[in-house]
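Heads up: the protein sequence lines correspond to chains A and B, in order. Be aware that the first sequence starts at 7, since it is given in my numbering, and climbs by one per residue. Be aware that the second sequence starts at 13, since it is given in my numbering, and climbs by one per residue. So the structure is just underneath, and the comments pick up after that.
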Amino acid sequence: SSEEKVHDEL
Amino acid sequence: MTHLISILVLLLKIYATKSCSGISLKTQELYALVFLTRYLDLFTDFISVYNTIMKLVFIASSLAIVWCMRMHRVVKRSYDKNLDTFRHYFLILGSLVLALLVHEKFTIQEIFWAFSIYLEALAILPQLVLLQRSGNVDNLTGQYVFFLGAYRAFYILNWIYRYFTEQRFSRWIACVSGIVQTALYADFFYYYFISWKNNAKLQLPS
């Protein structure tokens, strides 16, 4: 999938 | 949680002793810059309520500490200005250049994100140099630096876990920087555990 990557870490 | 504890310990030290001796303003300013540039996604991505609250806490607390050390009538007098001479502008410049060269995507937000990761890895250096110069480390300052380093060490365990449990785990910018960041604490951790084992005051060799 070409799902948009988000930064889920703080 | 250890990151939160480190911030609470620092605030406690400043509040209880009305002093910021042993604390590097330069490191604190770098952290403020780190959080301000990393959390630009507050406006674009929602991850969770926890994530948003933590971002706001880290931005607010880092700005509050910088404000206290610069502006507070009593606190600012205890700042060890003559010991806190690390050229932190070089860290900012170096991180910026590296972020322009190595990033996940060439967008403003991604370049600032990479910049904040690189800068965070190095931001502790002025603090470590200040501690080394002053030799004696007061109890709360020692605990502050310990918890700050511990939080990054726990991240490494978390990445190992995520590597094995997630389908696509690729975050090598954060991982490599995080390992560098933790490695910078190795010397401090060594003396911290020695003092803990001997039940003695934390002292760094000059």
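Virtual Cβ for every residue (Gly too), placed ideally from N, Cα, C. All values derive from a computational prediction rather than experimental measurement.
- Across the set B/Leu105, B/Val149, B/Asn151, the C-alpha of B/Leu105 shows the shortest separation from the C-alpha of B/Leu134.
- At a Cβ-Cβ threshold of 9 Å, B/Leu37 and B/Tyr91 count as neighbours.
- Within the DSSP secondary-structure output, B/Gln215 pairs in a beta bridge with B/Asn148.
- Burial is judged here by how many other beta carbons sit within 10 angstroms of a residue's own beta carbon; B/Phe118 has fewer than 16 and is exposed.
- Contact of B/Asp57 with chain A is assigned, a C-beta pair being separated by under 9 Å.
- For B/Asn63, the enclosing alpha helix (DSSP H) starts and ends at 61-83.
- Nearest neighbour of B/Glu41 by Cα position, chosen from B/Ala165, B/His15, B/Leu131, turns out to be B/Leu131.
- Counting only Cβ-Cβ distances below 7 Å, B/Trp184 has no contacts in chain A at all, with the closest Cβ about 13 Å away.
- Excluding residues up to 5 positions away in sequence, Thr49, Ser107, Leu108, Ala111 lie with their Cβ nearer than 7 Å to the Cβ of B/Phe127 in the same chain.
- Contact holds between the segment 150-160 of chain B and the segment 19-35 of chain B, because three or more Cβ pairs, one in each stretch, are under 8 Å apart.
- Taking a Cβ-Cβ cut-off of 8 Å, the neighbours of B/Met66 in chain A comprise Leu16, given in sequence order.
- Straight through space, the alpha carbons of B/Val69 and B/Phe205 are spaced by roughly 30 Å.
- Three or more beta-carbon pairs separated by less than 8 Å link the segment 135-147 of chain B to the segment 189-201 of chain B, which places the two stretches in contact.
- For a cut-off of 8 Å, the C-beta gap from B/Tyr51 to B/Ser74 is around 11 Å, too long to register as a contact.
- At least one C-beta of chain A is nearer than 9 Å to the C-beta of B/Tyr167.
- The DSSP-derived three-state label of B/Lys93 is coil.
- Taking a C-beta distance under 9 Å as the contact criterion, B/Thr194 and B/Ala165 qualify as a contact pair.
- Between B/Val78 and B/Lys30, the C-beta spacing is not below 9 Å.
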